[in-house]
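If you're matching them up, the sequences are chains V and R in order. Mind the numbering: the first sequence is residues 1 to 214 in this note's numbering, read in order. Mind the numbering: the second sequence is residues 215 to 428 in this note's numbering, read in order. No residue lacks a Cβ here, since even glycine has one placed at the ideal position from N, Cα and C.
2 protein chains.
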Amino acid sequence: MARIGLVRVLTTNDIHLLNIHGAMIEAFYPTLTVSTRSIPDHPDGVYDWETFKSAVPLVIDAVKGLASEGSECVIVSCASDPGVLESRSAVSVPVIGAGEATGAVAASLGTKVGVIGILPEMPERLREILGPSFLAYIKPPRINRTLDMITPEGRIAVLEAGMVLKNMGADVIALACTAMSTLGILQEMKATTGLRVVDPVLAAGLLAYHAVTF
Amino acid sequence: MARIGLVRVLTTNDIHLLNIHGAMIEAFYPTLTVSTRSIPDHPDGVYDWETFKSAVPLVIDAVKGLASEGSECVIVSCASDPGVLESRSAVSVPVIGAGEATGAVAASLGTKVGVIGILPEMPERLREILGPSFLAYIKPPRINRTLDMITPEGRIAVLEAGMVLKNMGADVIALACTAMSTLGILQEMKATTGLRVVDPVLAAGLLAYHAVTF
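Here it is as structure tokens:
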């Protein structure tokens with residue numbers, strides 16, 4: 001068994017909500033055990049450039065804490081990858097960003113990747129990783145903060161965004177906000193659109209699995 | 215069990231040599247079975263821009279053949295990714311390039327990725343995927359064709375290139391030529407350099423595993 005640390009960028013006292021990404025990874029990668037820690041002062045998560053910026057130093061602290069407690073690899077469970085590059089210089093273990101992981105996996109699955117996210121614009125690093133396979137980015141209307149996404153209205157808005165991307169010609173949908181992992185929408189998005197779909201927490205888990213296995 | 219197709223860009227009648235990448239993937243990802251096919255007219259593999267260019271249409275044909283025989287995902291087992299983008303538009307199943315996969319995994323493991331390859335210059339797509347984490351590219355001296363690498367001298371030249379990259383400050387070594395998978399140098403490179411090392415066939419296997427599992 002390998003010990004993985006996971007940083008949530010949503011501040012919450014709800015233990016089920018806090019641990020849901022770690023539980024997904026443990027379920028799909030049975031050789032991994034996950035310890036989760038959330039950053040402070042972000043009850044609405046990371047959903048714009050201001051909350052992104054304020055998360056960066058807090059993510060670095062959380063990564064350092066998890067590494068010092070014995071995590072062999074740390075996942076930053078946010079698809080905008082706040083503090084990921086900076087954390088890599090701060091600890092000796094690998095740091096996986098859910099956004100980079102989503103981009104890498106999505107680029108392997110098709111040539112016209114449609115991206116759904118919560119930030120007003122798509123993260124630059126994700127654009128770079130998708131390279132010639134990027135098609136379009138959509139922030140669903142009426143979804144402004146992380147918790148808006150994990151509601152019945154959020155589910156409908158995300159599925160609608162998937163259909164818009166499909167109608168634009170997408171062959172892959174990248175779910176570029178880990179609230180969509182919390183929402184558990186992967187299989188429903190596949191069934192609704194008929195396309196390949198990438199879940200950011202499972203993509204991060206895949207790279208963490210590689211990091212601690214080979 | 216999921217059926218994976220694998221394209222070799224080395225033309226060979228040696229069944230062991232032909233199947234070695236598939237055997238590695240089956241060993242490390244036990245839910246995958248691999249069918250291998252090699253392209254014609256490349257007895258020295260892909261080792262310069264001329265052999266790269268001539269491989270492209272042959273790879274596309276091989277990917278189409280494997281997909282039509284029931285492969286659920288096809289790996290192009292060459293780190294320069296000849297015909298990968300083109301094949302994606304030609305078949306309905308995912309096509310994984312070993313080069314893209316190596317870049318994606320390497321970028322998740324550190325901030326200063328040293329790359330070892332056989333082409334005179336590094337493939338552009340790999341540079342793009344590594345983004346801010348690219349450090350340097352080395353083609354080992356005296357290694358000019360694929361089969362040069364799978365010799366005792368090739369082993370030494372590759373390990374020396376790893377040490378040069380380490381001395382330049384690399385924290386990750388990306389083995390960007392699948393002849394280094396054939397050489398089986400992953401663990402020796404890790405032991406020699408003390409760094410994280412990415413094997414291109416195992417990286418491609420990882421993304422193929424994702425493609426057929428979630």
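Under 7 Å by beta carbon: chain R residues contacting residue i
i         : result
V/Ile-15  : None at all; the shortest Cβ gap to chain R is about 26 Å.
V/Leu-202 : Phe-428
Residue i in three-state terms, based on DSSP
i         : result
R/Ala-320 : helix
R/Arg-196 : Residue numbering for chain R in the displayed model covers 215 to 428; residue 196 of chain R lies beyond these limits and cannot be assessed.
V/Gly-114 : strand
R/Leu-379 : helix
V/Phe-134 : strand
R/Val-223 : coil
R/Gly-311 : strand
V/Pro-173 : For clarity, residue 173 of chain V is Ile in the given sequence; the question names Pro instead. It is a strand residue.
R/Thr-245 : coil
R/Thr-396 : helix
V/Arg-125 : helix
R/Arg-251 : strand
V/Arg-155 : helix
Within chain R, partners of residue i - CB distance below 8 Å
i         : result
V/Leu-186 : Phe-428
V/Asp-81  : Result: empty, since nearest Cβ-Cβ is about 11 Å, beyond 8 Å.
V/Asp-199 : Phe-428
7 Å Cβ cut-off: residues of chain V touching residue i
i         : result
R/Ile-310 : Ser-108
R/Pro-346 : Leu-85
R/Asp-258 : Within chain V, no residue comes near R/Asp-258; the closest Cβ sits about 28 Å away, beyond 7 Å.
Close Cβ partners of residue i (< 7 Å) along its chain, the five nearest in sequence each way excluded
i         : result
R/Asn-233 : Thr-250
R/Gly-324 : Ser-347, Asp-385, Val-386, Arg-410
R/Tyr-243 : Gly-419, Tyr-423
R/Gly-368 : Ile-357, Asp-362, Leu-397
R/Val-307 : Ala-281, Ser-285, Glu-286, Cys-287, Val-288
V/Arg-125 : Asp-81, Gly-99, Glu-100
R/Arg-302 : Val-309
R/Lys-380 : Thr-407, Leu-409
V/Lys-64  : Ala-90, Val-91
R/Ala-276 : Val-221, Arg-251, Ile-253
R/Gly-236 : Leu-220, Val-248, Thr-250
V/Arg-127 : Phe-134
Contacting residues, own chain, Cβ-Cβ under 6 Å from residue i (five flanking each side not counted)
i         : result
V/Val-56  : Pro-82, Gly-83
V/Lys-112 : Leu-135, Gly-169, Ala-170, Asp-171
R/Cys-391 : Ala-293, Gly-331, Ile-332
R/Ala-388 : Thr-316, Ala-320, Val-327, Val-329, Val-412
R/Val-426 : Ala-216, Glu-286, Cys-287
R/Ile-274 : Gly-297, Glu-300, Ser-301, Ala-304
V/Pro-152 : none
Chain V residues whose Cβ lies nearer than 8 Å to that of residue i
i         : result
R/Ser-303 : Thr-111
R/Arg-410 : Pro-94, Ala-211
Interface partners of residue i on chain R, CB under 9 Å
i         : result
V/His-21  : Within 9 Å Cβ-Cβ: nothing; V/His-21 doesn't reach chain R, min ~15 Å.
V/Arg-125 : Gly-345, Pro-346
Chain V residues whose Cβ lies nearer than 9 Å to that of residue i
i         : result
R/Ala-318 : Glu-100, Ala-101, Gly-103, Ala-104, Val-105, Ala-107, Ser-108, Ile-129, Leu-207
R/Ala-390 : Ordered by position in chain V, no residue passes the 9 Å Cβ test against R/Ala-390, which lies about 15 Å from the chain.
For residue i, the nearest candidate out of the options (CA to CA)
i         : options                                   : result
R/Ala-405 : R/Gly-376, R/Val-415, R/Cys-391           : R/Gly-376
V/Leu-202 : V/Leu-126, V/Gln-187, V/Ile-25            : V/Ile-25
V/Val-164 : V/Glu-69, V/Thr-146, V/Thr-151, V/Tyr-137 : V/Tyr-137
R/Lys-353 : R/Tyr-261, R/Gly-219, R/Leu-231           : R/Tyr-261
R/Val-290 : R/Leu-220, R/Glu-300, R/Lys-278           : R/Leu-220
V/Pro-141 : V/Gly-131, V/Ile-39, V/Leu-159            : V/Leu-159
V/Ile-156 : V/Asn-13, V/Ile-185, V/Pro-200            : V/Ile-185
R/Gly-259 : R/Leu-299, R/Pro-366, R/Leu-231           : R/Leu-231
R/Thr-360 : R/Met-403, R/Glu-300, R/Pro-334           : R/Pro-334
R/Met-403 : V/Met-122, V/Phe-214, V/Pro-200           : V/Phe-214
V/Ser-108 : V/Ile-15, V/Gly-131, V/Ile-4, V/Ala-27    : V/Gly-131
Close Cβ partners of residue i (< 8 Å) along its chain, the five nearest in sequence each way excluded
i         : result
R/Met-215 : Thr-245, Leu-246, Thr-247
R/Ile-364 : Ala-393, Thr-396, Leu-397
V/His-42  : Val-9, Leu-10, Thr-11, Thr-51, Ser-54, Ala-55, Leu-58
R/Ala-318 : Ile-343, Ala-417, Leu-421
V/Trp-49  : Leu-119, Pro-120
Min CB distance residue i to chain C below 8 Å
i        : result
V/Ser-68 : The structure shown contains no chain C; its protein chains are V and R.
* In the segment 46-91 of chain V, which residue ranges form an unbroken alpha helix (DSSP H) of at least 4 residues, counting only runs that do not cross its ends? -> The segment 46-91 of chain V contains these whole alpha helix (DSSP H) runs: 49-68, 84-90.
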